[in-house]
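Novice: Convert by adding 22 to the 1-based position in the sequence shown; the result is the number in my numbering.
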Amino acid sequence: MSRAPEVDVVSIGNPYEWLHGDVHAETDIEDSAELLGSQKALFWPTRHGFPTASVVEVGPSASLRDHFAQCLGRPLPRIVTPRRTTGSICHNLLSDQDAFEALLSHLDPARPVHLAPYMLTRGVEEVGHALGAKGFQVIDPPRASELVARWSSKVEIDLEVYRTDPLIRSARPRSFVAQDFGALAALYRDLRADGLRRVVVKSARSAGGAGVYFVDLSSAVEATDARATLETKGVNPSHVAPPFLVEEEITWTFSPSIDLDVLPSGQVRFVGAGVQRLYDRRYYAGFATSEAMYREAWFEDALEICEAVARRFGAAGFDGPLNFDLVVTAESRVVLIETNVRRSALCDGYGIAEILGASRAIRQGPSKWGCFSFADYVESRLTSDPSRVIATLPPPSESGEVVLTSDASLASPTPTLRWVSLASVSEVPAVAEANLAEVCGRLMGLPTQDAVRELGTLHTM
Numbered sequence: 023m024s025r026a027p028e029v030d031v032v033s034i035g036n037p038y039e040w041l042h043g044d045v046h047a048e049t050d051i052e053d054s055a056e057l058l059g060s061q062k063a064l065f066w067p068t069r070h071g072f073p074t075a076s077v078v079e080v081g082p083s084a085s086l087r088d089h090f091a092q093c094l095g096r097p098l099p100r101i102v103t104p105r106r107t108t109g110s111i112c113h114n115l116l117s118d119q120d121a122f123e124a125l126l127s128h129l130d131p132a133r134p135v136h137l138a139p140y141m142l143t144r145g146v147e148e149v150g151h152a153l154g155a156k157g158f159q160v161i162d163p164p165r166a167s168e169l170v171a172r173w174s175s176k177v178e179i180d181l182e183v184y185r186t187d188p189l190i191r192s193a194r195p196r197s198f199v200a201q202d203f204g205a206l207a208a209l210y211r212d213l214r215a216d217g218l219r220r221v222v223v224k225s226a227r228s229a230g231g232a233g234v235y236f237v238d239l240s241s242a243v244e245a246t247d248a249r250a251t252l253e254t255k256g257v258n259p260s261h262v263a264p265p266f267l268v269e270e271e272i273t274w275t276f277s278p279s280i281d282l283d284v285l286p287s288g289q290v291r292f293v294g295a296g297v298q299r300l301y302d303r304r305y306y307a308g309f310a311t312s313e314a315m316y317r318e319a320w321f322e323d324a325l326e327i328c329e330a331v332a333r334r335f336g337a338a339g340f341d342g343p344l345n346f347d348l349v350v351t352a353e354s355r356v357v358l359i360e361t362n363v364r365r366s367a368l369c370d371g372y373g374i375a376e377i378l379g380a381s382r383a384i385r386q387g388p389s390k391w392g393c394f395s396f397a398d399y400v401e402s403r404l405t406s407d408p409s410r411v412i413a414t415l416p417p418p419s420e421s422g423e424v425v426l427t428s429d430a431s432l433a434s435p436t437p438t439l440r441w442v443s444l445a446s447v448s449e450v451p452a453v454a455e456a457n458l459a460e461v462c463g464r465l466m467g468l469p470t471q472d473a474v475r476e477l478g479t480l481h482t483m
């Protein structure tokens, strides 16, 4: 269990900046997923412990706070919610005097402060400068936002990192770069002539699955078709913009995700790993993790690949969180699919797993609860009252426990987007998954198996 920090940790839930950049124009959050993503900052495990204070778009409801107190047995961090005037939560914090003063009141002037954002941006650096101006010692100060911006491009990181290291290059799919739609169409024709039939096309600056497209080369030939093919694919709103990274499609059996932390010294700290729940093979919807997973052979191979990338970042002056998406084939080959220069959507789950496992050990004796299943972005078709969601959860038992971990989007004015997050814990992976599926089915008003399909397949090892 992470000890009480000798450092005041301030987590900053800024997924909107990740999706849209340092947005300083006046704007509203269009998707309640961003509210839910911001609230995840309450539980991030950091190099200096759990957060003392969290700057988020919206805090948990009162009923969810009571639920946390009962299930997790520990207080939440102090919550600061700046008035929203721009797309940058950091800019909003600095321009909202009441919110900034509230943050200062939650910090001990005698203790150093560590900023733990979802993603390092220029705005996070400005918050660090503002705290320094108030007399606080900011340790591991946020830096290298320009490097983060450059290597967040799928094209730039492929050219400057992946292709420059033999180990990393050997763990990657064959890849190609197309600077515009004409070049993309020409590349399609060349690859088709070489016998390649299926590729994955990625917009360089896209976030998440919004700019990832699976393309059958037998129908995508001309430049106009190249654009139209991408625009008609996908479930979420698309981000179809050049340049493009084009990769050979890999047939895989499951998709791990690993989080690492690059320290100022250049050393690399392991944060957590899980097997992802993916909808349509690309949209994250949750994950599972267990202590036994870390003893699997694929995990050792995956960690070696990810650490090689992390060391490359450290050598370039980067200090902060990295997330890696990988796949494992039927032949046990581990392939690096993507590096995300940020914390992952899984990160709060690692913290909750640590807290929940320790809490159950305190309540029920030596802990066997090493298996966790998480579901994110579960559409609740109940009312917007979080207590109604909590009421659907089964009581804790010897077989396991299901916990509501986020209800931020229930505060959204958009009635069609009522998303919550859930965690299930057990000593048996299949039991944790079954309990979670049952609750998700209740929330979504679907039979259990239909709910599982809608959430996305959790491929087993």
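Note that CB positions come from ideal geometry on N, CA and C, so glycine has one too.
Keep in mind it's a predicted model, so treat the numbers as computed, not measured.
If we call anything under 8 Å between Cβ atoms a contact, is residue 183 one with residue 411?
Specialist: Not in contact: residue 183 and residue 411 (Cβ atoms no closer than 8 Å).
Novice: Which whole-angstrom value describes the C-beta separation of residue 84 and residue 32, a residue pair presumed to lie in contact below a C-beta threshold of 8 Å?
Specialist: Going by Cβ atoms, the distance from residue 84 to residue 32 rounds to 23 Å, so no, they are not a contact pair.
Novice: Taking the C-alpha atoms as reference points, what is the distance between residue 52 and residue 97?
Specialist: For residue 52, the pLDDT reaches just 49, beneath the cut-off of 50, and the residue's location in the model is therefore unreliable, although a value from the coordinates is still provided. Their backbone Cα atoms lie some 31 Å apart in a straight line.
Novice: One question on the structure: do residue 266 and residue 206 come within less than 8 Å of each other, judged by their Cβ atoms?
Specialist: For residue 266 and residue 206, yes; Cβs fall inside 8 Å.
Novice: Use the C-beta contact count for residue 361: other C-beta atoms within 10 angstroms, 16 or more gives buried, fewer gives exposed.
Specialist: It counts as buried.
Novice: Hey, how far is the Cα of residue 134 from the Cα of residue 377?
Specialist: Going by the C-alpha atoms only, they are around 24 Å apart.
Novice: Among 109, 325 and 475, which one has its Cα closest to the Cα of residue 305?
Specialist: Checked all of 109, 325 and 475; the closest Cα to residue 305 is 475.
Novice: What does the Cβ neighbour count give for residue 407, buried or exposed, with the cut at 16 atoms within 10 Å?
Specialist: By the neighbour-count rule (16 or more Cβ atoms within 10 Å), residue 407 is not buried but exposed.
Novice: What first and last residue would you give for the beta strand (DSSP E) that runs through residue 111?
Specialist: Not the beta strand (DSSP E): residue 111 falls in the alpha helix (DSSP H), residues 111-117.
Novice: Looking at the ligand MG, does it come within less than 7 Å of residue 276, judged from the CB to the closest heavy atom?
Specialist: Within the structure as shown, the ligand MG is missing, as the structure has no ligands at all.
Novice: Beta strand (DSSP E) containing residue 173: first to last residue?
Specialist: That residue, residue 173, is in no beta strand (DSSP E); its alpha helix (DSSP H) goes 167-173.
Novice: Considering Cα atoms alone, identify which of 210, 215 and 216 is closest to residue 222.
Specialist: Minimum Cα distance to residue 222 is reached at 210.
Novice: Pull up the DSSP beta-bridge partners for residue 463, would you.
Specialist: Per DSSP, none; premise fails for residue 463.
Novice: Among 141, 342, 392 and 123, which has the Cα closest to the Cα of residue 103?
Specialist: Here the closest residue by C-alpha is 123.
Novice: Assign residue 224 to buried or exposed, taking buried as 16 or more other Cβ atoms, counted over all protein chains shown, within 10 Å of its Cβ.
Specialist: That one is buried.
Novice: Could you give the first and the last residue of the continuous beta strand (DSSP E) run that contains residue 235?
Specialist: Element bounds for residue 235: 234-238.
Novice: Tell me the rounded alpha-carbon separation between residue 164 and residue 138.
Specialist: Computed Cα separation, rounded: 9 Å.
Novice: Alpha carbon to alpha carbon, how far is residue 174 from residue 143?
Specialist: The straight-line gap from Cα to Cα measures roughly 11 Å.
Novice: The alpha helix (DSSP H) that contains residue 327, what's its start and end?
Specialist: That run of the alpha helix (DSSP H) goes 319-337.
Novice: Using the DSSP secondary-structure output, state which residues sit across from residue 344 in a beta bridge.
Specialist: Residue 344 is bridged to 282.
Novice: To the nearest angstrom, how far is it from the Cα of residue 131 to the Cα of residue 158?
Specialist: Residue 131 and residue 158: Cα-Cα distance of roughly 6 Å.
Novice: Does DSSP put residue 85 in a helix, in a strand, or in coil?
Specialist: Correct three-state label for residue 85: helix.
Novice: Can you tell me whether DSSP reads residue 445 as helix, strand or coil?
Specialist: Three-state DSSP puts residue 445 in a strand.
Novice: What does DSSP give as the partner residues of residue 357 in its beta bridges?
Specialist: Answer is 349.
Novice: Just mark residue 355 as buried or exposed, buried being the case when its beta carbon has 16 or more other beta carbons within 10 Å.
Specialist: Counting Cβ neighbours within 10 Å, residue 355 comes out exposed, since fewer than 16 surround it.
Novice: Figure out for me which residue from 460, 171 and 270 has the closest Cα to the Cα of residue 213.
Specialist: Nearest of 460, 171 and 270 to residue 213, Cα basis: 270.
Novice: So, residue 334 versus residue 187, is the Cβ gap smaller than 8 Å?
Specialist: Against a cut-off of 8 Å, the Cβ pair of residue 187 and residue 334 comes out as a contact.
Novice: Is it buried or exposed, residue 326, if we count other Cβ atoms within 10 angstroms and call 16 or more buried?
Specialist: Under this definition residue 326 is an exposed residue.
Novice: Mind checking which residues open and close the beta strand (DSSP E) that includes residue 399?
Specialist: Residues 393-401.
Novice: Which same chain residues, not among the five before or five after residue 162, have their C-beta less than 7 Å away from its C-beta?
Specialist: The answer, listed in chain order, is 136, 286 and 341.
Novice: Pull the bridge partners of residue 306 from the DSSP assignment, please.
Specialist: Note: residue 306 sits in a beta bridge opposite 300.
Novice: Between which two residues does the beta strand (DSSP E) containing residue 203 stretch?
Specialist: Where residue 203 is concerned, there is no enclosing beta strand (DSSP E), although the alpha helix (DSSP H) it sits in stretches over 203-215.
Novice: Work out the CA separation of residue 160 and residue 472 for me, nearest whole Å.
Specialist: So the two alpha carbons sit approximately 48 Å from each other.
Novice: Along the chain, where does the alpha helix (DSSP H) that runs through residue 136 open and close?
Specialist: It is not in any alpha helix (DSSP H) - residue 136 instead sits in the beta strand (DSSP E) that spans 135-139.
Novice: What residue range is occupied by the uninterrupted beta strand (DSSP E) comprising residue 426?
Specialist: 423-428 is the span of the beta strand (DSSP E), which, as asked, contains residue 426.
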